[in-house]
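For reference, each letter of the sequence shown is one residue, going 3 to 295 in the working numbering.
For every residue, glycine included, the Cβ atom is placed at its ideal position computed from N, Cα and C.
Computed from a prediction, not measured in an experiment: that's the story for all the values here.
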Amino acid sequence: MLISLGPAVLCFLVMFAYPIIRTVMMSLNQLPSISSDMADWKFVRLRNYTELFRNSVFLASLRNIGKIWLIGGILTLSVALFFAVILASGVKGKRFWRSAIYLPNSISAVALSTMWLQYVFQNKFGMLKQLFGTLGMEKLEEINWTSPQYLFWAMLLSFVYGSVGYFMLIFLSGIERIPRDLYESARLDGADSWTQFWRITFPLIRNVFRTCVTLWTITSVNFFVWAKMFSSRANVETITPVYFLYNKVFGSANAGTVLDVGAGAAVGVLVAVLVLIIYIIMNKVLREEELEY
3 MLISLGPAVL
13 CFLVMFAYPI
23 IRTVMMSLNQ
33 LPSISSDMAD
43 WKFVRLRNYT
53 ELFRNSVFLA
63 SLRNIGKIWL
73 IGGILTLSVA
83 LFFAVILASG
93 VKGKRFWRSA
103 IYLPNSISAV
113 ALSTMWLQYV
123 FQNKFGMLKQ
133 LFGTLGMEKL
143 EEINWTSPQY
153 LFWAMLLSFV
163 YGSVGYFMLI
173 FLSGIERIPR
183 DLYESARLDG
193 ADSWTQFWRI
203 TFPLIRNVFR
213 TCVTLWTITS
223 VNFFVWAKMF
233 SSRANVETIT
243 PVYFLYNKVF
253 GSANAGTVLD
263 VGAGAAVGVL
273 VAVLVLIIYI
283 IMNKVLREEE
293 LEY
């Protein structure tokens with residue numbers, strides 16, 4: 003038995019345990035580069051962590067990721083659930099609409115963000131500007147979506163667009179597992195669509211919803227590519243913890259994020275702890291239930 007478990011244990015130690023332990027150790031030291039020998043490390047205790055919480059750019063990144071997780075999560079999961087319910091109701095052309103909604107997920111984040119920046123939010127000839135101009139909405143037409151004032155919201159809207167399809171498929175798979183007999187019985191009892199959703203659909207996909215919240219938490223906390231594409235230079239409007247980490251580890255003079263590998267490792271540890279805390283809280287709020295139907 004122990005011999006058969008040996009390869010799995012070895013793989014875990016090499017692929018997971020060692021990187022975690024090394025990252026924690028790096029976060030407690032000051033080191034010249036990510037590949038430097040441990041002999042060159044200088045133990046600084048918790049200084050990297052305390053300095054992070056004194057750094058206004060890092061604090062801004064935490065606020066941004068909080069807005070991405072909360073506001074983006076509400077928008078993404080709500081729209082995804084709405085589409086899933088519509089598709090599960092037997093709408094015509096289900097396969098086409100399912101593929102169309104999922105299509106943005108098959109495009110890389112780099113290509114998708116470029117598309118939004120060049121063709122949707124472009125200040126002179128963008129689709130939004132043309133649309134609002136055609137509809138006579140002058141105030142909305144004058145908005146420069148790539149300006150610092152609106153850049154975060156433009157980025158968040160694009161990210162939501164690129165994420166809805168993935169969560170829609172997860173919700174749809176959960177809804178399609180619910181026996182249709184339950185809905186037929188509810189209709190015979192006079193329940194309308196709204197009542198069926200809240201009394202049948204949502205309670206029976208509670209565990210699926212919990213899974214989606216967990217996946218969204220991991221996705222949003224590790225937010226990086228979209229922030230990098232929407233702002234080539236780090237700024238407080240779009241920076242996120244992982245973007246801040248990137249600048250710390252690989253070096254950037256922008257916004258005070260000079261090369262500091264130890265601080266970058268500390269950010270990585272804090273991000274992991276943040277995901278764990280949110281996961282524990284959501285497990286308490288949305289407890290897993292064994293349902294039979």
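- Along the length of the region 40-79, whole alpha helix (DSSP H) runs at least 4 residues long occupy 49-54 and 58-69, reported in chain order.
- When the Cα atoms are used, G164 and W71 turn out to be separated by approximately 15 angstroms.
- The beta-carbon separation of V263 and M28, rounded to 7 angstroms, stays under the 8 angstroms limit for a contact.
- In this structure, the CA atom of S91 is about 9 angstroms from the CA atom of E178.
- Secondary structure of Q151 (DSSP, three-state): coil.
- With three or more CB-CB distances shorter than 8 angstroms, the region 45-56 counts as touching the region 261-280.
- Looking at the DSSP output, N31 shares a beta bridge with F45.
- Using a C-beta cut-off of 8 angstroms, the region 269-288 makes no contact with the region 84-101, since fewer than three inter-stretch Cβ pairs fall below that distance.
- No residue range can be given for Y121, since it is assigned to no alpha helix (DSSP H) and is classified by DSSP as neither H nor E.
- Around the beta-carbon of S108, fewer than 16 other beta-carbon atoms lie within 10 Å, marking it exposed.
- R289 carries a coil assignment under DSSP once its states are collapsed to helix, strand and coil.
- DSSP places N209 in the helix class (H, G or I) of the three-state scheme.
- Taking C-beta atoms as the reference points, V269 and L247 count as a pair closer than 9 angstroms.
- I220 and L158 do not touch by the CB rule: their CB atoms are close to 17 angstroms apart, not below 8 angstroms.
- With a minimum length of 4 residues, the unbroken runs of alpha helix (DSSP H) contained wholly in the region 170-246 fall at 182-190, 195-198, 208-223 and 227-232.
- Counting only residues of its own chain and dropping the five nearest sequence neighbours on each side, R201 has a CB closer than 8 angstroms to the CB of A188 and A193.
- About 6 angstroms separates the CB atoms of L89 and L174; that is less than 8 angstroms, so the two are in contact.
- For F98, the enclosing alpha helix (DSSP H) has its first and last residue at K96 to Y104.
- Collapsing the DSSP output to three states places V93 in coil.
- If you draw a straight line from the Cα of F211 to the Cα of S222, it comes to about 16 angstroms.
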